[in-house]
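Presented below is the structure to which this report refers.
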Amino acid sequence: MAYIYSVSDAFDTFCGQQPLKSNAKSLLLSAIARYVAKDWGFVYPKKEKRLSPKSKESLLKIMRSTPANQVIDIIQVFKARTEHLEAREISAYKCYIQKFYNWCEQEGLFTVEKVSENELVVQVYPSQSRRVGNHYKQKHKRHQSYSLMAKKAKTHELIYPEDFVNENLASQLESYKKYRERKGIAAMTIRDFELKNIMKVLGWLVRYKDVSLSSLSLESLITYVPLNEKVTREELNTAATKDMKLIKELVAFLEPNNKDVSILKVLRSSFLNVFYYLYRDDVGLHDEFFEYRDIPVYRRLKALVRTKEENEQPSEFYLENTVEWSEIRELFEYLRYLSIATHYDDGEKITKATDFQKSHHLQHFLILGLMALVPTDRARTYNELEIGRTIVYGLREEGKFIPCDRMKNLSKAKWYIHLNPKDFKTGAYYGDSWSPAILNKKFKDGTSFYEYIDLWISKYRNLRQVCDHQYFFRGERTYSKLGENSGHFSGTVTSIFEVHLGKSISPNKIRRAFATQEARVGTYEERVAGALARHHSLEVSDKIYNQQRQEEKMAPCEELIQKMFAD
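Per the working numbering, the very first residue in the sequence shown carries number 1173; after that it's consecutive.
Quick look at the structure:
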């Protein structure tokens, strides 16, 4: 159901939902124009027997800026302005005015007090996050972490006080982080995720396999056999058999006990990446071991990963917690109204909107806008957006970018996201990346998306204190970069959807929703371009991100077969 904030929203939704006659919409609009809208600032031209296109547009503009709760007076106003007319003259008008009023009353649009026409009251809802949190507990049983050096959430004390990282392991982990950074994995969030999974497996070895803390090392995950002239195939096969036995025991442990853990991610980050690290200097030195696939444990591990990829199906929880493109669009518009509201109505009282509240909603509106008005990128891109570096204003033509301060005609300037190879996951493959121009969407009240970007940068980003950084988004109260002393970007996105839609939607699910809608309405060329803008191939888009069910994907075949047999 669409959100209703203005008289125009109420009018459009009423006409779209109700079984009305073909001329009903015109009659209702005419009745509003002649007898009601004068109170909202509209003057009906005396010379016009019917609304001209120009007058109609003027009326609709006024209706778009008039809060929906103003409909509460239309019956009284209509009666006062038609009491001198004969019943037959106004019967059709009266009928549809009454129907419109009754519908608005059923929709709960009269639960707020009257406000002046210059003010905008927006209905707000109590936070659903507590209910959602209980929902999670029903779906996911909480397990005490078995990770090495696991800490309690509130006190940050060690869950297992006897835990420690021995010197050899500490040195290896530090070396591993530097190795992954050199390999192009520049995002700290990705490296932290990999280390988190490694520590999870190391903890499992200690808790469930009785491996001592002092002997722990990365070789506890993958046996390292130096590739030299003396090594035999038998040695490598023996090591591979030992490692795969351990890995399969871990998989068997994870499958029933931790359904919220992606086994694929554990296999890739904890075993494959550690394998690459341990054998980083060995492969290619001898003809017999020229490539990674020449090493038995690598082949067996990749085979297990492929098997899991083929068998892994979306969980019931995952399928329930997806988001449709229509929901994103409605929430996008609702957040915009929250950011410009003069008052908020929580169902009990109307309170004046503060600048702090507006800045909160404006940041959320811009977060969703930047993820929807340009092909949705990975969360890291938005978390690390820097004004003047990765989000820039100017004009890109013929492969060259002209900054706004060097442009003669600023009306042509557009916002772009520009990423260097180290700024995104697949940068080593795609190189320097420019997004399409961010869509400067026009809204019903005449404003545009770029105006809200300007409002954020010029006023609300530095509302209470000046940010000491150039990141586009900031913490709600700390004003530091998101994720430093405040909630991280993914958590912020999830919170937005929990509060307003009552379900957990991560940035990745918005990316999936974009790709799915793109598959529904885009041409082949448009889809290829969209996938490129998201830094992956169309094949990856269809395999990983497209959420269309099989019957939806195959629906066009029916039309195709009909064409093939057309006379």
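For every residue, glycine included, the Cβ atom is placed at its ideal position computed from N, Cα and C.
Alpha-carbon spacing of residue i relative to residue j, whole angstroms
i, j, result
"Val-1423", "Tyr-1470", "17 Å"
"Asn-1493", "Gly-1663", "15 Å"
"Ala-1264", "Ser-1230", "23 Å"
"Tyr-1418", "Glu-1463", "In the sequence as displayed, the identity of residue 1418 is Leu instead of Tyr. Roughly 24 Å between the two C-alpha positions."
"Gly-1702", "Met-1543", "13 Å"
"Gly-1305", "Ser-1667", "Residue placement at Gly-1305 is poorly supported in this model, since its pLDDT is 36, which falls under 50; the coordinates are not used for a value here."
"Arg-1568", "Lys-1580", "14 Å"
"Ala-1174", "Glu-1502", "Legend: pLDDT at Ala-1174 = 47, less than 50; position of this residue unreliable, value from coordinates given subsequently. Roughly 6 Å separates the two Cα atoms."
"Ile-1682", "Val-1495", "7 Å"
"Lys-1480", "Ser-1434", "10 Å"
"Tyr-1694", "Ser-1347", "According to the sequence shown, residue 1694 is Gly rather than Tyr. Using only the alpha carbons, I get a separation of about 45 Å."
"Phe-1740", "Ile-1625", "In the structure as shown, the chain begins at 1173 and stops at 1739. Residue 1740 is therefore absent and cannot be evaluated."
"Glu-1220", "Lys-1193", "24 Å"
"Arg-1550", "Pro-1679", "7 Å"
"Val-1455", "His-1660", "38 Å"
"Phe-1447", "Arg-1379", "23 Å"
"Tyr-1632", "Pro-1225", "38 Å"
"Lys-1355", "Ile-1370", "18 Å"
"Glu-1730", "Asp-1364", "48 Å"
"Tyr-1516", "Thr-1523", "5 Å"
"Val-1208", "Glu-1279", "20 Å"
"Lys-1125", "Leu-1654", "The requested residue 1125 does not occur in the structure, where the chain is confined to residues 1173 to 1739."
"Gln-1720", "Gln-1689", "9 Å"
"Tyr-1127", "Gln-1529", "Outside the displayed span of the chain (1173 to 1739) sits residue 1127, for which this structure offers no information."
"Thr-1548", "Arg-1684", "9 Å"
"Glu-1258", "Gln-1189", "31 Å"
"Thr-1185", "Leu-1201", "13 Å"
"Tyr-1506", "Lys-1715", "32 Å"
Beta-carbon separation (whole angstroms), residue i vs residue j, contact threshold 8 Å
i, j, result
"Ser-1389", "Asn-1340", "6 Å"
"Asn-1338", "Leu-1385", "7 Å"
"Phe-1214", "Ile-1234", "5 Å"
"Phe-1644", "Ile-1559", "6 Å"
"Val-1179", "Gln-1242", "6 Å"
"Ala-1513", "Leu-1292", "5 Å"
"Ala-1240", "Ala-1182", "5 Å"
"Gln-1270", "Ile-1244", "That pair is no contact at about 14 Å."
"Tyr-1216", "Ala-1205", "5 Å"
Candidates the options: closest to residue i by CA position
i, options, result
"Ala-1691", "Ser-1178, Asp-1466 and Met-1726", "Met-1726"
"Leu-1367", "Tyr-1396, Asn-1445, Asp-1382 and Glu-1334", "Asn-1445"
"Met-1416", "Val-1397, Phe-1443 and Lys-1402", "Phe-1443"
"Ile-1394", "Lys-1323, Asn-1274, Asp-1640 and Pro-1468", "Pro-1468"
"Glu-1353", "Ala-1209, Val-1564, Glu-1724 and Gly-1599", "Gly-1599"
"Asn-1592", "Glu-1556, Thr-1619, Asn-1612 and Thr-1688", "Glu-1556"
"Val-1712", "Glu-1723, Val-1700, Gln-1722 and His-1515", "Val-1700"
"Ile-1563", "Asp-1466, Tyr-1622, Gly-1618 and Lys-1597", "Tyr-1622"
"Leu-1374", "Ala-1325, Ser-1387 and Asp-1364", "Ser-1387"
"Gly-1541", "Tyr-1602, Leu-1611, Glu-1520 and Phe-1425", "Leu-1611"
"Trp-1606", "Arg-1578, Asp-1518 and Ala-1705", "Ala-1705"
"Leu-1534", "Pro-1728, Asn-1483, Asp-1518 and Ser-1630", "Ser-1630"
"Pro-1333", "Leu-1320, Ser-1343 and Ala-1585", "Leu-1320"
"Phe-1504", "Lys-1584, Lys-1613, Ile-1589 and Glu-1520", "Lys-1613"
"Ser-1237", "Thr-1526, Glu-1670, Thr-1619 and Ala-1325", "Thr-1619"
"Arg-1585", "Ser-1198, Tyr-1565 and Val-1397", "Checking the sequence shown, residue 1585 turns out to be Ala, not Arg. Taking only the C-alpha atoms, the option nearest Ala-1585 is Tyr-1565."
"Lys-1381", "Tyr-1318, Leu-1201 and Lys-1324", "Tyr-1318"
Where the alpha helix (DSSP H) through residue i begins and ends
i, result
"Phe-1573", "Careful: Phe-1573 lies outside any alpha helix (DSSP H), inside the beta strand (DSSP E) at 1572-1575."
"Gln-1295", "Careful: Gln-1295 lies outside any alpha helix (DSSP H), inside the beta strand (DSSP E) at 1293-1295."
"Lys-1266", "1259-1278"
"Asp-1527", "1527-1544"
"Leu-1510", "1497-1512"
"Thr-1664", "1661-1673"
"Lys-1524", "Run containing Lys-1524: none in the alpha helix (DSSP H); it sits in the beta strand (DSSP E), 1522-1524."
"Ala-1569", "One point to set straight first is that residue 1569 is Glu, not Ala, in the sequence displayed. Element bounds for Glu-1569: not the alpha helix (DSSP H) but the beta strand (DSSP E), 1563-1569."
"Asp-1181", "1179-1189"
"Phe-1447", "1445-1450"
"Pro-1679", "1679-1693"
"Leu-1732", "1728-1736"
"Lys-1437", "1435-1438"
"Thr-1553", "1551-1555"
"Ala-1701", "1696-1705"
"Ala-1600", "1599-1602"
Boundaries of the beta strand (DSSP E) in which residue i is found, first to last residue
i, result
"Trp-1628", "That residue, Trp-1628, is in no beta strand (DSSP E); it is neither H nor E in DSSP."
"Lys-1197", "Counting along the chain, Lys-1197 falls outside any beta strand (DSSP E), though it belongs to the alpha helix (DSSP H) covering 1196-1203."
"Asp-1517", "1515-1517"
"Leu-1591", "1586-1591"
Exercise. Jot down the residue ranges of each uninterrupted beta strand (DSSP E) in the region 1337-1384, minimum 3 residues, whole runs only, in chain order.
Key: If you keep only unbroken beta strand (DSSP E) runs of at least 3 residues inside the region 1337-1384, you get nothing at all.
Quiz item: Enumerated in chain order, which unbroken segments of the beta strand (DSSP E) with a length of 3 residues or greater are wholly contained in the region 1202-1257?
Solution: If we require 3 residues or more, the region 1202-1257 turns out to have no beta strand (DSSP E) run fully inside it.
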